[in-house]
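Converting from the sequence shown to the numbering used here requires adding 203 to each position, the first position being numbered 1. The C-beta atom is built at its ideal place from N, Cα and C for all residues, glycine as well. Here's the structure we're looking at; comments come further down.
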Amino acid sequence: MHILVILAHPDPKSFNHAIAARAMETLATNGHRAILRDLCAEGFDPLLPAGEIPRGATLPADIERHCAETAGADGLIIVHPNWWGMPPAVLTGWVDRIMRPGTAYEFVEGDDGEGVPQGLLKAQKAIVFNTSNTEANREETVFGDPLERIWKDCVFGLCGVPDVTRRMFRIICTSTPEERKAWLDETARIVSETFPAEP
204 MHILVILAHP DPKSFNHAIA ARAMETLATN GHRAILRDLC AEGFDPLLPA
254 GEIPRGATLP ADIERHCAET AGADGLIIVH PNWWGMPPAV LTGWVDRIMR
304 PGTAYEFVEG DDGEGVPQGL LKAQKAIVFN TSNTEANREE TVFGDPLERI
354 WKDCVFGLCG VPDVTRRMFR IICTSTPEER KAWLDETARI VSETFPAEP
């Protein structure tokens, strides 16, 4: 399978980078072809220009490449921290520019954009790995776990990916090396369960 891994964290020493590296290692071990896109290292521009909004717009070469990789992926893995109950701006901008009509979704004939779109992504499975410094009960009762809604309903649900696994690792700022090792082992297990070894 062809799996696309999207990483959004500016610090190469972050635990998010360790998660992405372990996911890539596990995918390779399982015989999958994987592409890692480290958005911050790439200098991905998150700003959506007005000229890119229309369907069929001429896109910069790097955006075309991201669109093609996303549309062609058999599975997706997203890795990012929880910042203010949202993904980092670079990842939100990636969604704005890449999950576009004709690539990730479309409206039925005669629908000018007021209806519910149909998903176009080839991927049937996605994993979202998050990190947080917010205690789980506070996240769920006070904030309503917004990342759950963003990824499962607002992004992947709309774009046609029915099977979404999400795992939040917390509390990062006070975690021990033993906890982080266990979390990376869990990362490998989740990746293997979602994208098992090729026969």
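Query raised in the report: Do I281 and A326 have their C-beta atoms within less than 8 Å of each other?
Result: As a first step, residue 281 is located in the sequence shown; it is residue number 78 there, counting from the start. As a first step, residue 326 is located in the sequence shown; it is residue number 123 there, counting from the start. Taking 8 Å as the Cβ cut-off, I281 and A326 do not qualify as a contacting pair.
Distance CB(V367)-CB(V331) smaller than 8 Å | As a position in the sequence shown, residue 367 is number 164, starting the count at 1. As a position in the sequence shown, residue 331 is number 128, starting the count at 1. Yes.
message = So L323 and E272 are supposed to be a Cβ contact under 8 Å. How far apart are they, rounded?
response = Along the sequence shown, one-based indexing puts residue 323 at 120. Along the sequence shown, one-based indexing puts residue 272 at 69. Not a contact, Cβ separation roughly 14 Å.
Would P284 and T334 qualify as a contact pair, given that the criterion is a beta-carbon distance under 8 Å? Working through the sequence shown from its first residue, we reach residue 284 at position 81. Working through the sequence shown from its first residue, we reach residue 334 at position 131. Yes. Within cutoff.
Inter-residue CB distance, P349 and M289 (contact presumed, cutoff 8 Å) | Within the sequence shown, numbered from 1, the residue matching residue 349 stands at position 146. Within the sequence shown, numbered from 1, the residue matching residue 289 stands at position 86. Right, their Cβ atoms sit about 7 Å apart.
| query | Under 8 Å between the Cβ atoms of A226 and V358? | reply | Position 23 of the sequence shown, counting from 1, holds the residue named residue 226. Position 155 of the sequence shown, counting from 1, holds the residue named residue 358. Taking 8 Å as the Cβ cut-off, A226 and V358 do not qualify as a contacting pair.
Give the list of continuous alpha helix (DSSP H) stretches no shorter than 4 residues that lie fully inside the stretch 245-283.
264-275
Please classify V208: does DSSP put it in a helix, a strand, or coil?
Taking the sequence shown and counting its residues from 1, one reaches residue 208 at position 5. In the structure shown, V208 sits in a strand (DSSP, three-state: E or B).
For T377, which option in I209, F218, H212 and I256 has the closest C-alpha, if you only look at C-alpha atoms? In the sequence shown, counting from the first residue as 1, residue 377 sits at position 174. Comparing Cα positions, the closest option is F218.
query = Is H220 near H212, with beta carbons less than 8 Å apart?
reply = Residue numbering aside, residue 220 sits at position 17 when the sequence shown is read from its first letter. Residue numbering aside, residue 212 sits at position 9 when the sequence shown is read from its first letter. Cβ atoms of H220 and H212: closer than 8 Å.
Which partner residues of N333 appear in the DSSP bridge assignment? The count along the sequence shown starts at 1 and reaches residue 333 at position 130. Note: N333 sits in a beta bridge opposite H283 and M371.
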